[in-house]
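To start, the structure under review is shown below, and the notes come after it.
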Amino acid sequence: MKPITVAICDDAIFLCESFKAEIEYETDLCFAGEAHNPAECIQLVKTQIFDVLLLDIQMETETDGLEVIPIIKSINPDIKIIILTSHLNDDYIFTAFASEVDNYICKDTPSNMIFDMIRDVYWGRASLNLNISRSLTRKAADISKAQKSLLYLVEIVSKLSTGEFEVLKLISEGNSYREIARLRFVEEGTIRVMASRILKKFSCKNMNQLLNQLNHANIFELFHR
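Position one of the sequence shown corresponds to residue 105 (this note's numbering), numbered consecutively onward.
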(Lines of atoms letter the chains of each structure in order from A; the text may use other names.)
(Lines give C-alpha, C1' and ligand atoms only; values in the text may rest on other atoms or scores of the structure.)
Protein backbone atom coordinates (compact mmCIF):
# COMPACT_ATOMS: atom_id res chain seq x y z
CA MET A 105 0.00 0.00 0.00
CA LYS A 106 1.42 3.37 -1.00
CA PRO A 107 2.02 5.88 1.79
CA ILE A 108 -0.19 8.92 2.25
CA THR A 109 1.65 11.92 0.83
CA VAL A 110 1.49 15.07 2.96
CA ALA A 111 2.58 18.67 2.32
CA ILE A 112 2.57 21.65 4.67
CA CYS A 113 2.16 25.39 4.15
CA ASP A 114 3.22 27.56 7.07
CA ASP A 115 5.34 30.69 7.33
CA ALA A 116 7.11 29.22 10.37
CA ILE A 117 10.01 27.42 8.67
CA PHE A 118 11.08 25.68 11.89
CA LEU A 119 7.60 24.15 12.21
CA CYS A 120 7.77 22.81 8.66
CA GLU A 121 11.21 21.33 9.30
CA SER A 122 10.04 19.78 12.56
CA PHE A 123 7.01 18.26 10.86
CA LYS A 124 9.21 16.90 8.07
CA ALA A 125 11.57 15.28 10.58
CA GLU A 126 8.79 13.69 12.64
CA ILE A 127 6.78 12.34 9.72
CA GLU A 128 9.78 10.27 8.60
CA TYR A 129 9.10 7.91 11.51
CA GLU A 130 5.58 7.18 10.20
CA THR A 131 5.82 4.28 7.75
CA ASP A 132 2.43 4.98 6.15
CA LEU A 133 3.02 8.73 5.72
CA CYS A 134 5.40 10.48 3.32
CA PHE A 135 6.50 14.13 3.30
CA ALA A 136 5.69 15.67 -0.10
CA GLY A 137 6.87 19.26 0.22
CA GLU A 138 6.52 22.58 1.98
CA ALA A 139 5.50 26.16 1.25
CA HIS A 140 5.74 29.28 3.37
CA ASN A 141 3.20 31.64 1.81
CA PRO A 142 0.11 31.43 -0.44
CA ALA A 143 2.05 31.96 -3.68
CA GLU A 144 4.43 29.11 -2.87
CA CYS A 145 1.48 26.97 -1.83
CA ILE A 146 -0.28 27.49 -5.15
CA GLN A 147 2.92 26.66 -7.00
CA LEU A 148 3.36 23.52 -4.90
CA VAL A 149 -0.17 22.35 -5.72
CA LYS A 150 0.38 23.07 -9.41
CA THR A 151 3.67 21.18 -9.66
CA GLN A 152 3.21 18.26 -7.28
CA ILE A 153 0.51 15.68 -6.64
CA PHE A 154 -0.04 14.79 -2.99
CA ASP A 155 -2.92 13.61 -0.81
CA VAL A 156 -3.13 15.92 2.19
CA LEU A 157 -2.17 19.56 2.81
CA LEU A 158 -1.67 21.05 6.26
CA LEU A 159 -2.46 24.76 5.86
CA ASP A 160 -1.86 27.66 8.23
CA ILE A 161 -4.36 30.55 8.33
CA GLN A 162 -2.13 33.53 9.15
CA MET A 163 0.94 33.99 6.99
CA GLU A 164 1.45 37.26 5.11
CA THR A 165 -1.97 38.52 6.21
CA GLU A 166 -4.41 37.50 8.94
CA THR A 167 -6.55 35.28 6.71
CA ASP A 168 -4.58 34.52 3.55
CA GLY A 169 -4.61 30.82 4.38
CA LEU A 170 -8.40 30.85 4.17
CA GLU A 171 -8.36 32.93 1.00
CA VAL A 172 -6.13 30.48 -0.86
CA ILE A 173 -8.38 27.45 -0.23
CA PRO A 174 -10.71 27.99 -3.25
CA ILE A 175 -7.66 28.39 -5.51
CA ILE A 176 -6.16 25.14 -4.23
CA LYS A 177 -9.47 23.34 -4.74
CA SER A 178 -9.79 24.71 -8.27
CA ILE A 179 -6.34 23.33 -9.15
CA ASN A 180 -6.81 19.95 -7.49
CA PRO A 181 -10.25 19.21 -6.02
CA ASP A 182 -9.03 15.90 -4.61
CA ILE A 183 -6.53 17.36 -2.14
CA LYS A 184 -7.59 16.93 1.47
CA ILE A 185 -6.98 20.12 3.45
CA ILE A 186 -6.44 20.27 7.20
CA ILE A 187 -6.17 23.71 8.76
CA LEU A 188 -3.24 23.71 11.20
CA THR A 189 -3.31 26.94 13.17
CA SER A 190 -3.00 28.69 16.51
CA HIS A 191 -6.37 30.41 16.08
CA LEU A 192 -9.50 28.74 17.46
CA ASN A 193 -11.67 31.59 16.20
CA ASP A 194 -15.34 30.82 15.50
CA ASP A 195 -15.39 32.92 12.33
CA TYR A 196 -12.18 31.36 11.00
CA ILE A 197 -13.41 27.84 11.75
CA PHE A 198 -16.77 28.43 10.09
CA THR A 199 -15.20 30.06 7.02
CA ALA A 200 -12.74 27.19 6.69
CA PHE A 201 -15.42 24.51 6.71
CA ALA A 202 -17.62 26.59 4.41
CA SER A 203 -14.66 26.51 2.01
CA GLU A 204 -14.75 22.69 2.23
CA VAL A 205 -11.65 21.98 4.28
CA ASP A 206 -11.58 18.48 5.70
CA ASN A 207 -10.61 19.26 9.27
CA TYR A 208 -9.20 21.92 11.58
CA ILE A 209 -6.62 21.39 14.29
CA CYS A 210 -4.58 23.52 16.67
CA LYS A 211 -0.79 23.65 16.41
CA ASP A 212 -0.30 22.61 20.02
CA THR A 213 -1.90 19.24 19.26
CA PRO A 214 0.56 16.35 19.81
CA SER A 215 2.17 15.07 16.62
CA ASN A 216 0.69 11.58 16.97
CA MET A 217 -2.82 13.08 17.01
CA ILE A 218 -2.05 15.20 13.93
CA PHE A 219 -0.81 12.10 12.12
CA ASP A 220 -3.95 10.20 13.14
CA MET A 221 -6.07 13.05 11.78
CA ILE A 222 -4.19 12.92 8.48
CA ARG A 223 -5.00 9.21 8.24
CA ASP A 224 -8.65 9.76 9.17
CA VAL A 225 -9.08 12.54 6.62
CA TYR A 226 -7.41 10.50 3.89
CA TRP A 227 -9.58 7.45 4.56
CA GLY A 228 -12.74 9.51 4.91
CA ARG A 229 -13.32 8.82 8.58
CA ALA A 230 -12.46 12.25 9.99
CA SER A 231 -14.00 13.23 13.30
CA LEU A 232 -14.14 16.75 14.69
CA ASN A 233 -12.29 17.85 17.79
CA LEU A 234 -14.77 18.73 20.55
CA ASN A 235 -13.69 22.40 20.63
CA ILE A 236 -14.11 22.69 16.85
CA SER A 237 -17.52 21.05 17.03
CA ARG A 238 -18.63 23.47 19.74
CA SER A 239 -17.31 26.41 17.74
CA LEU A 240 -19.30 25.35 14.67
CA THR A 241 -22.40 24.89 16.82
CA ARG A 242 -22.03 28.40 18.27
CA LYS A 243 -21.53 29.94 14.84
CA ALA A 244 -24.50 28.07 13.38
CA ALA A 245 -26.64 29.27 16.30
CA ASP A 246 -25.50 32.87 15.71
CA ILE A 247 -26.38 32.63 12.02
CA SER A 248 -29.75 31.09 12.78
CA LYS A 249 -30.47 33.83 15.31
CA ALA A 250 -29.45 36.54 12.82
CA GLN A 251 -31.65 35.04 10.11
CA LYS A 252 -34.62 34.87 12.45
CA SER A 253 -33.99 38.46 13.53
CA LEU A 254 -33.82 39.61 9.90
CA LEU A 255 -37.04 37.78 8.98
CA TYR A 256 -38.76 39.30 12.01
CA LEU A 257 -37.70 42.83 11.04
CA VAL A 258 -38.63 42.32 7.38
CA GLU A 259 -42.08 41.07 8.37
CA ILE A 260 -42.80 44.10 10.55
CA VAL A 261 -41.42 46.62 8.04
CA SER A 262 -43.57 45.07 5.31
CA LYS A 263 -46.64 45.72 7.47
CA LEU A 264 -45.88 49.41 8.03
CA SER A 265 -48.03 51.86 6.15
CA THR A 266 -46.35 53.88 3.41
CA GLY A 267 -46.47 56.94 5.66
CA GLU A 268 -44.94 55.12 8.62
CA PHE A 269 -42.12 53.73 6.48
CA GLU A 270 -41.37 57.17 5.00
CA VAL A 271 -41.26 58.74 8.46
CA LEU A 272 -39.01 55.94 9.73
CA LYS A 273 -36.67 56.40 6.77
CA LEU A 274 -36.52 60.16 7.30
CA ILE A 275 -35.67 59.60 10.98
CA SER A 276 -32.93 57.16 9.96
CA GLU A 277 -31.47 59.86 7.69
CA GLY A 278 -31.02 62.15 10.68
CA ASN A 279 -34.10 64.38 10.33
CA SER A 280 -35.72 65.70 13.51
CA TYR A 281 -39.44 65.31 14.17
CA ARG A 282 -39.85 69.04 13.48
CA GLU A 283 -38.07 68.77 10.11
CA ILE A 284 -40.13 65.72 9.13
CA ALA A 285 -43.34 67.52 10.08
CA ARG A 286 -42.35 70.44 7.86
CA LEU A 287 -41.52 68.11 4.95
CA ARG A 288 -44.86 66.30 5.29
CA PHE A 289 -46.92 69.43 6.00
CA VAL A 290 -48.25 68.13 9.33
CA GLU A 291 -47.91 69.03 13.00
CA GLU A 292 -44.84 67.84 14.90
CA GLY A 293 -47.18 66.08 17.34
CA THR A 294 -48.49 63.95 14.48
CA ILE A 295 -44.97 62.75 13.68
CA ARG A 296 -44.33 61.96 17.34
CA VAL A 297 -47.50 59.87 17.48
CA MET A 298 -46.42 57.99 14.35
CA ALA A 299 -42.96 57.40 15.83
CA SER A 300 -44.50 56.00 19.02
CA ARG A 301 -46.74 53.72 16.96
CA ILE A 302 -43.74 52.49 14.97
CA LEU A 303 -41.76 51.74 18.15
CA LYS A 304 -44.69 49.79 19.55
CA LYS A 305 -44.89 47.64 16.41
CA PHE A 306 -41.22 46.74 16.76
CA SER A 307 -41.42 46.35 20.56
CA CYS A 308 -38.52 48.79 20.95
CA LYS A 309 -38.04 51.18 23.85
CA ASN A 310 -36.54 54.03 21.85
CA MET A 311 -35.77 55.07 18.29
CA ASN A 312 -31.99 54.65 18.62
CA GLN A 313 -32.44 51.00 19.56
CA LEU A 314 -34.73 50.43 16.59
CA LEU A 315 -32.47 52.23 14.11
CA ASN A 316 -29.45 50.23 15.28
CA GLN A 317 -31.32 46.99 14.57
CA LEU A 318 -32.58 48.16 11.17
CA ASN A 319 -29.21 49.51 10.03
CA HIS A 320 -27.38 46.39 11.20
CA ALA A 321 -29.75 44.29 9.07
CA ASN A 322 -29.53 46.73 6.10
CA ILE A 323 -33.32 46.93 6.10
CA PHE A 324 -33.51 50.25 4.25
CA GLU A 325 -31.45 48.78 1.41
CA LEU A 326 -33.92 45.90 1.12
CA PHE A 327 -36.97 48.12 0.91
CA HIS A 328 -37.37 50.74 -1.79
CA ARG A 329 -40.83 52.21 -1.64
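Glycine included, C-beta positions come from ideal geometry on N, C-alpha and C.
- Comparing C-alpha distances from residue 115 to each of 135, 168 and 173 shows the shortest one belongs to 168.
- For residue 137, the pairing in a beta bridge is given by DSSP as 111.
- The beta-carbon separation of residue 158 and residue 110, rounded to 7 Å, stays under the 8 Å limit for a contact.
- Within the stretch 133-193, the complete beta strand (DSSP E) runs of at least 3 residues fall at 133-139, 156-159 and 184-189.
- The alpha-carbon separation between residue 245 and residue 146 amounts to approximately 34 Å.
- DSSP places residue 129 in the coil class of the three-state scheme, outside both helix and strand.
- By the Cβ criterion, the stretch 137-144 is not in contact with the stretch 199-213, since fewer than three pairs of Cβ atoms, one from each stretch, lie closer than 8 Å.
- With respect to the C-alpha of residue 270, the residue from 285, 304, 171 and 153 having the closest C-alpha is 285.
- For the set 235, 295, 105 and 218, the Cα lying nearest the Cα of residue 156 is the one of 218.
- DSSP places residue 312 inside the alpha helix (DSSP H), whose first and last residues are 311-320.
- Looking at the DSSP output, residue 210 bridges to 189.
- For residue 325, the three-state secondary structure derived from DSSP is helix.
- Taking all protein chains in view, the Cβ of residue 170 is crowded by 16 or more other Cβ atoms within 10 Å, so the residue is classified as buried.
- Between residue 268 and residue 298 the beta-carbon gap is near 6 Å, inside 8 Å, which marks them as a contact.
- Relative to residue 186, the option among 113, 316 and 194 whose CA is nearest is 113.
- The Cβ neighbour count for residue 151, taken over all protein chains shown within 10 Å, is under 16; the residue is labelled exposed.
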